[in-house]
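For what it's worth, our numbering labels the leading residue of the sequence shown as 1, then goes sequentially.
Report on one structure; see the data block that follows.
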Amino acid sequence: MTPSRSTSEHTTVRRRSVLAAPLLAGLAAALGSLDVAGAGPASAAGTGAPRATGHRSRLRLRLPAPSGPYPVGASRLCLVDNRRADPWHDTNARRALMVTLFHPADPADPAHRQDPRHRRRPAYMLPGEAATFDDTANRLLGLGLPAGAIDWERVHTHVLRDVPAAHGRHPVLLYSPGLGEPRSFATAQAADLASRGYVVVCVDHTYESPAVEFPDGTVATMLPPAPDPRTWVHKAMSVRVADVRFVLDVLARPAGLPHGLIRVLDLTRIGMYGKSAGGLAALLAMAADDRIRAGANFDGNLGMDPADPAGDLPPAVTEGVDRPFLLLGSDTPNNDTEPSWHAFHGNGRGWKRELTLLGSRHHSYADAQTLVAQAAGPLDLPAATVAEDIGTITPHRSVLVQRAYVAAYFDRWLRDRPTTLFDRPSPRYPEMSLQES
1 MTPSRSTSEH TTVRRRSVLA APLLAGLAAA LGSLDVAGAG PASAAGTGAP RATGHRSRLR
61 LRLPAPSGPY PVGASRLCLV DNRRADPWHD TNARRALMVT LFHPADPADP AHRQDPRHRR
121 RPAYMLPGEA ATFDDTANRL LGLGLPAGAI DWERVHTHVL RDVPAAHGRH PVLLYSPGLG
181 EPRSFATAQA ADLASRGYVV VCVDHTYESP AVEFPDGTVA TMLPPAPDPR TWVHKAMSVR
241 VADVRFVLDV LARPAGLPHG LIRVLDLTRI GMYGKSAGGL AALLAMAADD RIRAGANFDG
301 NLGMDPADPA GDLPPAVTEG VDRPFLLLGS DTPNNDTEPS WHAFHGNGRG WKRELTLLGS
361 RHHSYADAQT LVAQAAGPLD LPAATVAEDI GTITPHRSVL VQRAYVAAYF DRWLRDRPTT
421 LFDRPSPRYP EMSLQES
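Listed below in structure tokens is the structure:
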């Protein structure tokens, strides 16, 4: 039986970045009309991207402050896999990734006592990434935001750049984004988990992400998928799994991480979560690598055939994994996740739960939940656009409930902290509906 879902009288076209045939079919045309900044990462063939200069009078938005006891630091890292050619190019260029590593910061560091105007705040998006995001948000993600209205570089994140990590050993979480979404679009959740004592590594899958800026200013932009969507999905998922395993290998090396971070990583306690396509990647990575002890999928179809939500289910779905896996769904009408989730839920292997955040939509599981709601008034967004983007649940409650459940889940399986949130409905969080067994 599936979770109960709220009803809506408003008929919508589902504007989602899930693995869906309409998105893949139209992706080549959409990318051809994007105002992109360049192509090719620093370690691959390509051209340097011009950096944005100056700031027009644009809306500056704020993410919700992290709720945990630690301040949060963040570092951008460029990782090059010298053992692997980039799978999306017929060259000898090595696979290059950009990741953002969020971590609990040392509260004694003087940076936290500075005047806020002088603190080292990281850009939400780098200039080359921000230059493409208006087109990405509207033509790929379907958010309906006026072009040029939002300053994507200077969204306030409550995070400090390149500060020392808190003492102790901290569990590690990896994040894989949805198709067509940058890793930065999950900053609020990552920062909150870091404030609770996790090291969170958000990975951009180069040439799947809309734009990835490398340290030399080069920008790698999203490539159109192959003509056969099913073949493309299989390749994209294999690339993502290889990316994740490479990142785990890098984290295990005794050198190469800044600010003493290697000393605070507890690599015996690793989890992974992802939104949409990233949720499927999390499950496949768990099946391929037993270093990942717990995984979570935010509203992602688990099938490999975009034309058939129940088709081409991988063994990780039909046979399951022997470690815990959480399914957090949106309240989207006619949600295409249900067939594959039903198959996964019935495989009889490993701990699993399926929940629905009532009143939510696909983009509720991203920073859009807060940013679209904030922008709605100043930009006069139609109520229907806002509801299609982020649902009818209030942003405050959506963020609060998601944080509670995601943290409780990883706390249970990576820190051995008991919880009853996954055993019965909670009166504190009536917006979260558990699947009935």
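Every residue gets a Cβ at the ideal spot worked out from N, C-alpha and C, and that includes glycine.
Checklist entry - Just curious, the beta strand (DSSP E) that H103 is in, first and last residue? => result Residues R94 to P104.
Next on the checklist: Check this for me: beta carbons of V172 and L267, under 8 Å apart or not?
Outcome noted: Yes. Within cutoff.
Checklist entry - Is G300 near G278, with beta carbons less than 8 Å apart? => result For the 8 Å CB-CB criterion, G300 and G278 form a contact.
Item to check | Whole-angstrom distance between R183 and R84, CA atom to CA atom | outcome: Linking R84 to R183 through their CA atoms gives a straight-line distance of about 22 Å.
Checklist entry - Would you say G128 and A211 are within 8 Å of each other, going by their C-beta atoms? => result Yes.
Checklist entry - When the Cα atoms are used, what is the spatial distance from A404 to G329? => result Roughly 15 Å separates the two Cα atoms.
Next on the checklist: Less than 7 Å separating the Cβ of G271 from some heavy atom of the ligand GTP?
Outcome noted: This structure simply doesn't include the ligand GTP, nor any ligand for that matter.
Checklist entry - Which residues in the same chain as T53 place their Cβ atom closer than 6 Å to its Cβ, once the five residues preceding and following it in sequence are excluded? => result Reliability of the predicted coordinates at T53 is poor, the pLDDT of 37 falling under 50, and no value is obtained from them.
Item to check | Length of the line joining the Cα atoms of L261 and A307 | outcome: C-alpha of L261 to C-alpha of A307: approximately 43 Å in a straight line.
Checklist entry - So the alpha helix (DSSP H) A368 belongs to, where does it begin and stop? => result A368 to A376 is the extent of the alpha helix (DSSP H) around A368.
Item to check | Stretch pair the region 131-146 + the region 159-171: three plus CB contacts closer than 8 Å | outcome: The region 131-146 makes no contact with the region 159-171; the number of CB pairs closer than 8 Å stays below 3.
Next on the checklist: Could you pull the DSSP bridge partners for L174 from this structure?
Outcome noted: In DSSP, L174 forms a bridge with V201 and M272.
Checklist entry - Which runs of the beta strand (DSSP E), 3 residues or longer, sit entirely within the region 118-177? => result Those beta strand (DSSP E) runs which fall completely within the region 118-177 and span 3+ residues are 170-176.
Checklist entry - G278 by DSSP, collapsed to three states: which one? => result In the structure shown, G278 sits in a helix (DSSP, three-state: H, G or I).
Next on the checklist: Quick check: the Cα distance between A294 and S57, rounded to an integer number of angstroms?
Outcome noted: Their backbone Cα atoms lie some 44 Å apart in a straight line.
Item to check | Counted within 10 angstroms of its Cβ, other Cβ atoms place H362 as buried (16 or more) or exposed | outcome: Answer is buried; the Cβ neighbour count reaches 16.
Item to check | Closest residue to G303 among G311, P315 and D289 (Cα-Cα distance) | outcome: Comparing Cα-Cα distances from G303 to each of G311, P315 and D289, the minimum goes to G311.
Checklist entry - Which partner residues of G329 appear in the DSSP bridge assignment? => result For G329, which the question treats as bridged, DSSP gives the partners T356.
Next on the checklist: Classify A49: buried if its beta carbon has 16 or more other beta carbons within 10 angstroms, exposed otherwise.
Outcome noted: Interpretation of A49 is limited by its pLDDT of 37, a score under 50 that renders its predicted location unreliable; the figure taken from the coordinates is listed afterwards. The residue in question, A49, is buried, as its Cβ has 16 or more Cβ neighbours within 10 Å.
Item to check | Element boundaries [beta strand (DSSP E), containing A220] | outcome: From DSSP, the beta strand (DSSP E) with A220 extends over V219 to T221.
Next on the checklist: Along the chain, where does the alpha helix (DSSP H) containing E388 start, and where does it finish?
Outcome noted: From DSSP, the alpha helix (DSSP H) with E388 extends over A383 to I390.
Checklist entry - Does the pairing of the region 230-245 with the region 147-161 give three or more beta-carbon distances under 8 Å? => result Flag = no, the region 230-245 and the region 147-161 do not touch.
Checklist entry - Which residue comes first and which comes last in the beta strand (DSSP E) that contains D81? => result Its beta strand (DSSP E) spans residues V72 to A85.
Checklist entry - By Cβ distance below 6 Å, which residues in the same chain neighbour F422 in space, the five residues on each side in sequence not counted? => result Same-chain partners within the cutoff: R353.
Next on the checklist: Is it buried or exposed, H103, if we count other Cβ atoms within 10 angstroms and call 16 or more buried?
Outcome noted: Buried, because 16 or more other Cβ atoms sit within 10 Å of the Cβ of H103.
Next on the checklist: Determine whether the beta carbon atoms of A287 and N297 lie at a separation below 8 Å.
Outcome noted: Note that the C-beta distance between A287 and N297 is not below 8 Å.
Checklist entry - Would DSSP call M432 helix, strand or coil? => result Residue state, collapsed to three classes: strand.
Checklist entry - From V317 to D331, what does the alpha carbon distance come to, in whole angstroms? => result Rounded to the nearest whole angstrom, the CA to CA distance from V317 to D331 is 22 Å.
Checklist entry - Are at least three pairs of beta-carbons, each pair with one atom in the region 90-99 and one in the region 200-208, less than 8 Å apart? => result A contact is defined here as three or more CB-CB pairs under 8 Å, and the region 90-99 meets this definition with respect to the region 200-208.
Item to check | Proximity to D322 [Cα-Cα], best of L434, G348 and I270 | outcome: Considering only alpha carbons, the answer is G348.
Item to check | Three-state secondary structure (DSSP) of I393 | outcome: DSSP places I393 in coil when its eight states are reduced to three.
Checklist entry - Since G68 contacts R269 with CB under 8 Å, what's their CB separation in whole angstroms? => result R269 and G68 do not touch by the CB rule: their CB atoms are close to 17 Å apart, not below 8 Å.
Item to check | Separation of P224 from A130, as counted between CA atoms | outcome: Each residue's alpha carbon lies about 20 Å from the other.
Item to check | Buried/exposed call for N82, threshold 16 Cβ in 10 Å | outcome: N82 should be labelled exposed.
Next on the checklist: Rounded to whole angstroms, what is the Cα-Cα separation between L355 and L434?
Outcome noted: Approximately 5 Å between the Cα atoms of the pair.
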